[in-house]
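Asks: Protein chains in written order, with the working numbering: chain A, 111 to 382; chain B, 111 to 382. Here a beta-carbon is modelled for each residue, glycine too, at the ideal position from N, C-alpha and C.
2 protein chains.
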Amino acid sequence: MTTQTIFEQIQLKKSFLCLGLDPDLDKIPSHLVASSEEPLFDFCKAIVDNVHHLCVSVKINTAFFEAYGVAGFATLNKLADYIKSHYPELFLIADAKRGDIGNTSLRYAKAFFEAMPFDAITIAPYMGKDSVEPFLTYQDKHAILLALTSNEGAADFQLKANDKEVLYKQVLKQSQNWNNASQLMYVVGATKAEHLSEIRKLVPESFLLVPGVGAQGGSLEDVYTHGANENIGLLVNSSRGILYAGSGEDFAESALEAANVLQQQMENLLRA
Amino acid sequence: MTTQTIFEQIQLKKSFLCLGLDPDLDKIPSHLVASSEEPLFDFCKAIVDNVHHLCVSVKINTAFFEAYGVAGFATLNKLADYIKSHYPELFLIADAKRGDIGNTSLRYAKAFFEAMPFDAITIAPYMGKDSVEPFLTYQDKHAILLALTSNEGAADFQLKANDKEVLYKQVLKQSQNWNNASQLMYVVGATKAEHLSEIRKLVPESFLLVPGVGAQGGSLEDVYTHGANENIGLLVNSSRGILYAGSGEDFAESALEAANVLQQQMENLLRA
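#1: With a threshold of 7 Å between beta carbons, is GLN284/B in contact with chain A?
#2: Given a cut-off of 7 Å, decide if LEU129/A and VAL161/A are closer than it, judged by their beta-carbon atoms.
#3: Is it right to say LYS283/B is buried, meaning 16 or more other beta carbons lie within 10 angstroms of its own, or is it exposed?
#4: In the region 149 to 183 of chain B, which residues sit with their C-beta less than 7 Å from some C-beta in chain A, listed in chain order?
#5: What is the DSSP secondary structure of MET376/B, counted as helix, strand or coil?
#6: Which partner residues does THR295/A have in the DSSP bridge list?
#7: How long is the line joining the alpha carbons of ILE116/B and VAL166/B, rounded to whole angstroms?
#8: Measure the alpha-carbon distance for TYR218/A versus LEU135/B and round it to whole angstroms.
#9: Considering only DSSP beta bridges, list what ALA204/B is partnered with.
#10: From the beta carbon of THR247/B, is the nearest beta carbon of chain A less than 7 Å away?
#11: Please name the residue in ILE211/A, TYR236/A, ASP210/A and LYS251/A whose C-alpha comes closest to that of ALA230/A.
#12: According to DSSP, which residues form a beta bridge with CYS165/A?
#13: Please say whether LYS124/B and LEU380/B have beta carbons closer to each other than 7 Å?
#14: Which class does ALA300/B belong to by DSSP, given the choice of helix, strand or coil?
#15: Against GLU262/A, what residues of chain B qualify as contacts under a CB-to-CB distance less than 8 Å, listed in chain order?
#16: Residues in the region 184 to 200 of chain B with C-beta within 8 Å of chain A's C-beta atoms, listed in sequence order?
#17: Measuring only between beta-carbons, confirm whether LYS207/B sits less than 7 Å from chain A.
#18: Taking the alpha carbon of ILE170/B as the reference point, which residue from LEU164/B, GLY209/B, GLU224/B and CYS154/B has its own alpha carbon closest?
#19: Run the CB neighbour count on SER215/B, radius 10 Å, all protein chains shown included, and call it buried at 16 or more, exposed below.
#20: Smallest Cα separation from PHE361/A: which of LEU142/A, LEU246/A and HIS305/A?
#21: In chain order, what residues of the same chain lie with their CB nearer than 6 Å to the CB of GLN268/B, ignoring the 5 residues before and after it?
#22: Suppose you measure from the CA of ASN290/A to the CA of ALA184/A; what does that come to, to the nearest Å?
#23: Which residue or residues does DSSP assign as beta-bridge partners of PRO262/A?
#24: What does the alpha-carbon distance come out to for the pair ILE342/A and LEU246/A?
#25: Please decide whether PHE267/B counts as near chain A, where near means a Cβ-Cβ distance under 7 Å.
#26: So, with DSSP's three-state summary, where would you put ILE383/B?
#27: Give a yes or no on whether the minimum CB-CB distance between THR214/A and chain B is below 7 Å.
#28: In this structure, how does DSSP classify GLY327/B when only helix, strand and coil are distinguished?
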């Protein structure tokens, strides 16, 4: 999917919401766990079916499926196939944090872009250029580089000065010179909104995937004010705030309401 | 598995060889691809059965299985189970380069330490302390942090000065203060052997996983001279040099010969 298509979807849906799927058997409604043979799939399917029209992107956190072994991995594949075949307009992200030497990264690209139908995958930049470029050899597919993450540990290395510049800025700057850099996006935590204006100077055109609004305390308005560009350029993720809005039989309606609130806030920001 | 057990195995087998399993359908013997229903499994099983007595560790590169979708992931699980049940003395590493915010890293730990029987997993340190510590809450399990990797891209960030110190040294130093740091190991590429003496000053006790001998051009002798500590503290990986030593019906015997050469070199170094 091209970034132009994502922008068109944002305009159409008046939303730059990314729905994050991190399903946790301990948190999903107990009636579903008790009655379903595939509770992870059925839970995520119900949520996506109910909120797909309010979001432009879906981000699947692969760890929450891998934790359940082969059956979990099969569910991950089934879910990705379901979403892409029913809602091809959704930008489908594998939040997988992969990245390795070139010939290994090529295998991960094959896994997520060929064996599975993802449009993008999140990548840790630690191993540098040749660990990322293999993902960018796929037309209209995207690598979303970790830049400044939302967690506490972001302070350990990302915010440390590197050649007189903090590491995450080096990542932004340098990666812009890599082959097919126009297919790069970046993860920037909403809890780090004060850095967004600086980040926009370094990567004015790129889409930013922004987790951390909601449960982690980031502000949607701050993110939009400092992070939006002329194509909006933002995919703001919400996971727990939507997934676990309700815990009863009507969990999917509760999710719809929670997503509706976010979409309305986004529509107001887009209009302003 | 404790590091003491690994040291005992090194003494017993007179080897600090880690066998790397990165099986590639384009490179494994064509008769196997033609005749086997599970060529990846059968190929790896034959190699492990033939060389297990010459190595103390096996490292499975998960990307080479994930590339084949659900069937590939099932083979990864089956292979890990096979190795751990038949050769429990081998230190079994998932070369998976995972790492995410805390509650996600916990899921990856569950995937590799509970759903699968790995003793260790490789981790990218970019997201800092809270992305790594969840892996260290498992007794006698290990996180192997990327420090200085063997690829060209290592120069992009790892070797950049960070607060007047190169990034990989910050990773080594800071991680030593994390909870259960005694369960940390580090990836240091053999192609960077000139850094090993410095690295040993920062992490004198830790095991180092060293890829890059052989195909990538690193020298075993340099690695040993600059990297060994009193418990040896090295797991030197060889993948392609052993896996693809032969391409005919006798590929497993060719692998045995290649592993034998490496084990002999290691025995000589250990004796000297």
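Replies: Taking the geometry as given:
#1: yes
#2: The criterion of a C-beta distance shorter than 7 Å is satisfied by VAL161/A and LEU129/A.
#3: LYS283/B is exposed by the Cβ-count criterion.
#4: ASN171, ALA173, PHE174, GLU176, ALA177, TYR178, GLY179, VAL180 and PHE183
#5: If DSSP states are grouped into helix, strand and coil, MET376/B belongs with the helices.
#6: The question names Thr, but residue 295/A in the sequence shown is Met. DSSP lists ILE254/A as partners of MET295/A.
#7: C-alpha of ILE116/B to C-alpha of VAL166/B: approximately 7 Å in a straight line.
#8: 15 Å
#9: ILE170/B and ILE231/B
#10: Closer than 7 Å: no.
#11: LYS251/A
#12: Looking at the DSSP assignment, CYS165/A forms no beta bridge with any residue, so it has no partner.
#13: Going by beta carbons, LEU380/B and LYS124/B fall inside the 7 Å limit.
#14: Residue state, collapsed to three classes: helix.
#15: GLY238, LYS239 and ASP240
#16: ALA184 and ASN187
#17: yes
#18: CYS154/B
#19: buried
#20: LEU142/A
#21: LEU258, LEU277 and TYR278
#22: 31 Å
#23: According to the sequence displayed, residue 262/A carries Glu and not Pro. Paired residues: none, contrary to the question.
#24: 22 Å
#25: At a cut-off of 7 Å between beta-carbon atoms, PHE267/B makes contact with chain A.
#26: Nothing can be reported for residue 383/B, as the shown portion of chain B is limited to 111 through 382.
#27: yes
#28: For GLY327/B, the secondary structure class from DSSP, reduced to helix, strand or coil, is coil.
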